[in-house]
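*Asks:*
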Amino acid sequence: MPHRHPQSILITGATSAIGSALALAYATHGITLHLHGRNTQKLEAVASQCRDRGARVTQCSFDIRDSGILRDWVSDSGMTDPLDVVISNAGMNTNIGRNGDGERWEDSAALMDINLRATMVLVDAALPAMRQRGRGQIALLSSLAGYFGLPVTPSYCASKAAIKAYGEALRGWLAPQGVAVNVIMPGYVDSAMCRAMPGPKPFLWTPERAARLIKRQLAANRGRISFPFPLNFGTWWLAVLPEAISQRIVRGMGYHG
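Set out below in structure tokens:
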């Protein structure tokens, strides 16, 4: 089961808003952080801040779509100390554009490789050691957009719905083996990616607030970590209501091409 006080934590996408906030939330004396990010300069800045808080930090900058490098990094990270927590946070978004022209196929293909395929590779790489020990925790970043597809971000919603279902299935399979799997479903968290998405952004949270809640609920082993209320409650209802009603609600809120 998850460590209430994990000592070795791996985070992909540690240069993003939530990723960097999580790294800093965990950073303290006695903690080892293994951080990934594509932007070397940003990654170094996050790592430096974490070291200033007393954490031991390793960092690796690479394209997470490279499965070979990703697997090697996970293996190397767990070589000295077993990984207590693995957080799959790397992701991207794409949208239909301000004029509703539609998503570019190249962007959608890259998004699915990063958001979904790389997540599954990460899990496959980290899982054998955790199952052998009978202990460990894997956290997957989904989204409240995984409940009901928003017309402005079809590919993103599809990837996050897949992550939600994948994580829930893993949780049911692995819980008896001592491995916890948690699905994190944020609403709007302030970031460059969030600001680039068309449509309203109700109940916007800061990354720091999101990281504090995620850390606390991972420690409590909450299977589904969704926030903020009442947006999480409302998006859950979108998945439950008849589709035609949900579509009208979504259009009425301003999510349309």
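Each residue of the sequence shown is one higher than the last, beginning at 241 in the working numbering. Glycine included, C-beta positions come from ideal geometry on N, C-alpha and C.
Using DSSP bridges, identify the partner residues of residue 318.
*Replies:* Partner(s): none; residue 318 has no beta bridge.
*Asks:* Check whether the stretch 440 to 456 and the stretch 340 to 358 touch, using three or more Cβ-Cβ pairs below 8 Å as the test.
*Replies:* no
*Asks:* With the cut-off set at 9 Å, would you say residue 436 and residue 333 are in Cβ contact?
*Replies:* yes
*Asks:* Apply the 10 Å Cβ neighbour rule to residue 473 and answer buried if 16 or more other Cβ atoms are within range, or exposed otherwise.
*Replies:* exposed
*Asks:* For residue 440, name the three-state secondary structure that DSSP assigns.
*Replies:* coil
*Asks:* Helix, strand or coil for residue 260 per DSSP?
*Replies:* helix
*Asks:* If we require 4 or more residues per run, which alpha helix (DSSP H) segments fall completely within the stretch 365 to 398?
*Replies:* none
*Asks:* Nearest to residue 319 by alpha carbon, out of 308, 335, 298, 490?
*Replies:* 298
*Asks:* Grab the span of the alpha helix (DSSP H) containing residue 467 for me, first residue to last.
*Replies:* Segment 464 to 467 is the beta strand (DSSP E) holding residue 467; no alpha helix (DSSP H) there.
*Asks:* Which of helix, strand or coil does DSSP assign to residue 403?
*Replies:* DSSP places residue 403 in helix when its eight states are reduced to three.
*Asks:* Do the stretch 460 to 475 and the stretch 261 to 272 touch if we need at least three Cβ pairs shorter than 8 Å?
*Replies:* no
*Asks:* Using a Cβ-Cβ cut-off of 6 Å (strictly less than) and excluding sequence neighbours within five positions of residue 375, which residues of its own chain qualify?
*Replies:* 418
*Asks:* In the structure shown, what three-state DSSP assignment does residue 417 receive?
*Replies:* Under the three-state reduction of DSSP output, residue 417 falls in the helix class.
*Asks:* Do residue 427 and residue 399 count as a contact pair if the criterion is CB distance below 9 Å?
*Replies:* no
*Asks:* Flag this pair as yes or no: are the beta carbons of residue 324 and residue 246 separated by less than 9 Å?
*Replies:* Their beta carbons are under 9 Å apart, which means residue 324 touches residue 246 by this criterion.
*Asks:* Just mark residue 431 as buried or exposed, buried being the case when its beta carbon has 16 or more other beta carbons within 10 Å.
*Replies:* buried
*Asks:* Opposite residue 470 in the DSSP bridges: which residues?
*Replies:* Paired residue(s): none; residue 470 is not in a bridge.
*Asks:* I'd like the list of long-range same chain contacts for residue 353, defined as Cβ closer than 8 Å, with 5 residues on each side in sequence excluded.
*Replies:* 305
*Asks:* Which residue wins for smallest C-alpha separation from residue 271, given the options 337, 294, 395?
*Replies:* 294
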